[in-house]
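Visitor: I am attaching a structure below and will ask some questions about it afterwards.
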Amino acid sequence: MLGEVEEAIKAEMKAIEKADGFHETVDGPDDETRYILHEDRLPSDRYHELARTITEAVLDVSPREVATVGVQGIGDFLRDRDEEAVKTLLESGVSYVESEHNDGTIEGQCVATPDVVEAVLSLHIPDLIQAYFIDNEGEAIAARFDDTIQYYWLPEAAYRQLGKRLQSDLFSAVITHEELEQIIERERPDR
Numbered sequence: 004m005l006g007e008v009e010e011a012i013k014a015e016m017k018a019i020e021k022a023d024g025f026h027e028t029v030d031g032p033d034d035e036t037r038y039i040l041h042e043d044r045l046p047s048d049r050y051h052e053l054a055r056t057i058t059e060a061v062l063d064v065s066p067r068e069v070a071t072v073g074v075q076g077i078g079d080f081l082r083d084r085d086e087e088a089v090k091t092l093l094e095s096g097v098s099y100v101e102s103e104h105n106d107g108t109i110e111g112q113c114v115a116t117p118d119v120v121e122a123v124l125s126l127h128i129p130d131l132i133q134a135y136f137i138d139n140e141g142e143a144i145a146a147r148f149d150d151t152i153q154y155y156w157l158p159e160a161a162y163r164q165l166g167k168r169l170q171s172d173l174f175s176a177v178i179t180h181e182e183l184e185q186i187i188e189r190e191r192p193d194r
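Plus 3 on top of the position in the sequence shown (first one is 1) and you've got the working numbering.
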């Protein structure tokens, strides 16, 4: 039993290392502001559900259309959450990859049809390690890394629209990196 747990942990660490390498390759356009979802500002502990709501709203207000989606997640857990969503992704070109260290991951990119976008959004759970929504220029609109880091790229007008669309307690959690750095600096115990 302990050996199985060790193998599962090793496999998860390998997936995270792979995700960290990928993390650096997804970015949005230079003329848009990059925002991050600050979990501590969310009104409840339903992080993944609220992240889905915010991501869906970002995709709606963005002036750019999603052309491609990419995902990486633990296959069995994602299937347990929404088997139809996983089926949609696999039928659209995302791969199921097995290795000696895990029972399989769902990973890859595919064309962003409305069904595919909805499938990815429905899988916003801890075991969806990465998800990204890319425009036709190859630039990110929204990206999720390490299953709890959400980035969004929006022009100022779309960000204001997002503020009108979301409840104020959700909108206040979508902040710039500069704001996050200021929060971290204020909360440092050695100040």
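A virtual CB, placed ideally from N, CA and C, is assigned to each residue, including glycine.
1. What's the C-alpha gap between Arg168 and Glu59?
2. Using only the alpha-carbon positions, how far apart do Ile152 and Val61 sit?
3. Assuming Tyr38 contacts Leu157 under a Cβ cut-off of 8 Å, what Cβ separation, rounded to an integer in Å, is found between them?
4. With 16 other CB atoms within 10 Å as the buried threshold, where does Glu110 fall?
5. Within its chain, find whatever has a CB closer than 7 Å to the CB of Leu81; leave out the 5 residues flanking it on each side and keep chain order.
6. Taking Ser102 as the reference, which of Arg84, Ser175, Gly78 has the closest Cα?
7. May I have the straight-line CA-CA distance separating Ser47 from Asp83, to the nearest angstrom?
8. From the DSSP output, in three-state form, read off Ser95 for me.
9. Count the other C-beta atoms from every protein chain shown that fall within 10 angstroms of the C-beta of Thr28, then say buried if there are 16 or more, exposed otherwise.
10. With DSSP as the reference, label Phe25 as helix, strand or coil.
11. Report the residue from Arg49, Phe136, Leu40, Ile128 whose alpha carbon sits nearest the alpha carbon of Val120.
12. Kindly indicate which three-state DSSP category Thr58 falls into: helix, strand or coil?
13. Evaluate Thr116 with the Cβ neighbour count: other Cβ atoms within 10 Å of its Cβ, from every protein chain shown; 16 or more gives buried, anything less gives exposed.
14. Given a cut-off of 7 Å, decide if Arg44 and Ala176 are closer than it, judged by their beta-carbon atoms.
15. Are the CB atoms of Ala143 and Gly73 within a distance shorter than 7 Å?
16. So, are the CB atoms of Arg67 and Asp138 less than 7 Å apart?
17. Please report the residue range of the alpha helix (DSSP H) in which Arg189 lies.
Guide: Short version:
1. Arg168 and Glu59 have their C-alpha atoms roughly 11 Å apart.
2. Looking at the two C-alpha atoms, the distance is approximately 15 Å.
3. Here Tyr38 really is in contact with Leu157; their C-beta atoms are around 7 Å apart, less than 8 Å.
4. Sixteen is the threshold: when 16 or more other Cβ atoms of the shown chains lie within 10 Å of the Cβ of Glu110, as they do, the residue is buried.
5. Excluding sequence neighbours, Leu81 sits near Val89, Ile109, Leu126, Asp130, Leu131.
6. With distances taken between Cα atoms, Ser102 lies closest to Gly78.
7. CA-to-CA, the gap between Ser47 and Asp83 works out to about 24 Å.
8. Note: Ser95 maps to coil in three-state DSSP.
9. A residue is called buried when at least 16 other Cβ atoms come within 10 angstroms of its Cβ; Thr28 does not meet this threshold and is exposed.
10. Summary for Phe25: the model assigns pLDDT 44, below 50, so the residue's position carries little reliability; its value from the coordinates is reported in the next sentence. In the structure shown, Phe25 falls within a helical segment according to DSSP collapsed to helix, strand and coil.
11. Restricting attention to Arg49, Phe136, Leu40, Ile128, the CA atom closest to the CA of Val120 is found in Phe136.
12. Helix at Thr58.
13. Counting every other CB atom within 10 Å of its CB across the protein chains shown gives Thr116 a total below 16, marking it as exposed.
14. Yes.
15. No, the Cβ-Cβ distance between Gly73 and Ala143 is not below 7 Å.
16. In contact: Arg67 and Asp138 (Cβ atoms closer than 7 Å).
17. Per DSSP, the continuous alpha helix (DSSP H) segment holding Arg189 begins and ends at 180 to 190.
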